[in-house]
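Residue numbers (the working numbering): 171 to 675.
Cβ atoms here follow ideal geometry from the backbone N, Cα and C, with glycine treated the same way.
If you're wondering where the values come from, they're calculated on a predicted model, not measured in any experiment.
Below is one structure, written out as structure tokens; the observations come after it.
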């Protein structure tokens, strides 16, 4: 068995000599860290010490020995507890080394815990019937292992005073400035206004009607962002909507610029030398890219979480970062129990948020940045409506208010209406991306928050112009860029609501 009586004794000696240092280790050291299968003495002494120190009571080795003896516990080899505690008090231990000793003792506890988990997995798996599906076998092992691992995740278990180390943190960042925070995306306009949509520990949500392109936006955004950061691993979870082949064909069409029909049918090989070259150039781009597909249709949220954890620890490895793309938020088979639809979706978002913010961390820092999407309700339908008849706020988000609450960025994607395409100058894209909610912004905060004044004097909320063509997303600037273009090219409103160019007389 894995233990060290020497390490336990050193920690007890430190607590006896430096009782005020107990507060530094109280949040992560407990009586479970003292091995007790062969001897209860160290564990018993710690329990008595902890009881006194937790109440701020002053205690010396004499009082400590009397309290331990009063418990009436018989120790092995007729140990004289008074002499044992006196010997501990005579050890040379500095207050500065107490924290390091506690951490070493905790490592031994973790090793013992993992050994116990491994033994429990062996016992459980060997007793599972042969008719059990393989995914249930894996889920069983995952549950035992992850429950044990979650106990040892580093992090504060008590309230912390943020002002205590504010100066140190801010000064350190000032001495080592960085240009960006989080993974910056491929679209300059989004980065400038809203900052990173892929910050580890955060969830960005795109809301749109079915068929608008929310899946492609998320895939395109995550893929291109990954390529900017040395091919960061991307895990794409498909909630039963599209097969691996469909995703593969779309990604190839997007990266090559070749129409999807030619890719799907294989006719790209007969479409001419230029088309063949485009496809094969795309093959060169993807050699080192990491975009993993997994179909989670019909799975419970807990099963999805286990899939992500398994992928992270087996493929990405602890301490490395990754991007999670989830297509998309909707109810699972769990809806057939007593819970309502909004409760199920709320729990789903809550569990995903906990996963990326608290479960998968390294040295207290989140490792997973997540982007997902959700369908808008019927108020978000564009159809044949004019732009002034559309509702453009967070009320179009379907299923649950928790989606809005937990999202760091909530963005609406929709095609431009006919009247918008007629009135706007050419070259400003086919779709609008509007930010409904943000927890952080990019460098141009004023531009992100303030309405844009158009040439006719009216003001509108800013948005991003996007061109979506052949599953490829292109940034076409924001509304401010469009307004500046109108002014520079002498474009003014016409009587019919469109724009015309003022002739030079």
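Alpha carbon to alpha carbon, what distance is there between residue j and residue i?
i           : j           : result
residue 439 : residue 523 : 45 Å
residue 581 : residue 488 : 31 Å
residue 330 : residue 336 : 11 Å
residue 608 : residue 263 : 51 Å
residue 355 : residue 376 : 14 Å
residue 464 : residue 406 : 6 Å
residue 610 : residue 371 : 13 Å
residue 555 : residue 307 : 52 Å
residue 482 : residue 619 : 37 Å
residue 310 : residue 200 : 28 Å
residue 475 : residue 520 : 12 Å
residue 347 : residue 339 : 12 Å
residue 284 : residue 275 : 15 Å
residue 207 : residue 185 : 23 Å
residue 259 : residue 241 : 21 Å
residue 191 : residue 349 : 39 Å
residue 415 : residue 433 : 11 Å
residue 450 : residue 397 : 18 Å
residue 529 : residue 616 : 35 Å
Using the rule of at least 16 other Cβ atoms within 10 Å of the residue's Cβ for burial, across every protein chain shown, is residue i buried or exposed?
i           : result
residue 257 : exposed
residue 212 : buried
residue 510 : exposed
residue 576 : buried
residue 567 : buried
residue 594 : buried
residue 171 : exposed
residue 458 : exposed
residue 203 : buried
residue 214 : buried
residue 312 : buried
residue 351 : exposed
residue 453 : exposed
residue 632 : buried
residue 539 : buried
residue 243 : exposed
Going by Cα to Cα distance, which pick from the options is closest to residue i?
i           : options            : result
residue 638 : 657, 559, 610, 586 : 586
residue 219 : 229, 538, 211      : 229
residue 493 : 254, 536, 261, 173 : 536
residue 681 : 336, 179, 244, 209 : The structure shown does not extend to residue 681, since the chain spans only 171 to 675, so no value can be given for it.
residue 614 : 232, 361, 196      : 361
residue 390 : 612, 604, 541, 352 : 541
residue 690 : 400, 301, 557, 432 : The question about residue 690 has no answer here: the residues shown for the chain are numbered 171 through 675.
residue 266 : 300, 188, 274, 303 : 188
residue 622 : 403, 648, 185      : 648
residue 496 : 384, 561, 527      : 384
residue 531 : 273, 468, 552, 479 : 479
residue 225 : 217, 232, 412      : 217
residue 401 : 411, 358, 353      : 353
residue 627 : 359, 548, 657      : 657
residue 645 : 565, 394, 549      : 394
residue 569 : 543, 653, 392      : 543
residue 545 : 409, 426, 471, 526 : 409
residue 380 : 500, 446, 295, 273 : 500
residue 461 : 404, 245, 412      : 404
residue 181 : 473, 273, 316      : 273
residue 368 : 579, 592, 652      : 579
Let me know the secondary structure DSSP gives residue i once reduced to three states.
i           : result
residue 378 : strand
residue 404 : strand
residue 516 : helix
residue 505 : Because residue 505 sits at a pLDDT of 46, beneath the cut-off of 50, its placement in the model cannot be relied upon, and the following sentence gives the value as read from the coordinates. In this structure, residue 505 counts as helix in the three-state DSSP scheme.
residue 295 : helix
residue 201 : helix
residue 172 : coil
residue 283 : helix
residue 261 : coil
residue 410 : coil
residue 622 : strand
residue 353 : strand
residue 529 : helix
residue 612 : coil
residue 371 : coil
residue 235 : helix
residue 227 : coil
residue 666 : Because residue 666 sits at a pLDDT of 45, beneath the cut-off of 50, its placement in the model cannot be relied upon, and the following sentence gives the value as read from the coordinates. If DSSP states are grouped into helix, strand and coil, residue 666 belongs with coil.
residue 435 : helix
residue 222 : helix
TODO: Let me know the alpha helix (DSSP H) ranges lying completely inside the segment 445 to 512, each 4 residues or longer, listed in chain order.
DONE: Runs found: 471 to 481.
Open item on the list: Which runs of the beta strand (DSSP E) at least 3 residues long sit entirely within the segment 532 to 608? Give them in chain order.
Closed with: 538 to 545, 579 to 585, 601 to 608, all fully within the segment 532 to 608.
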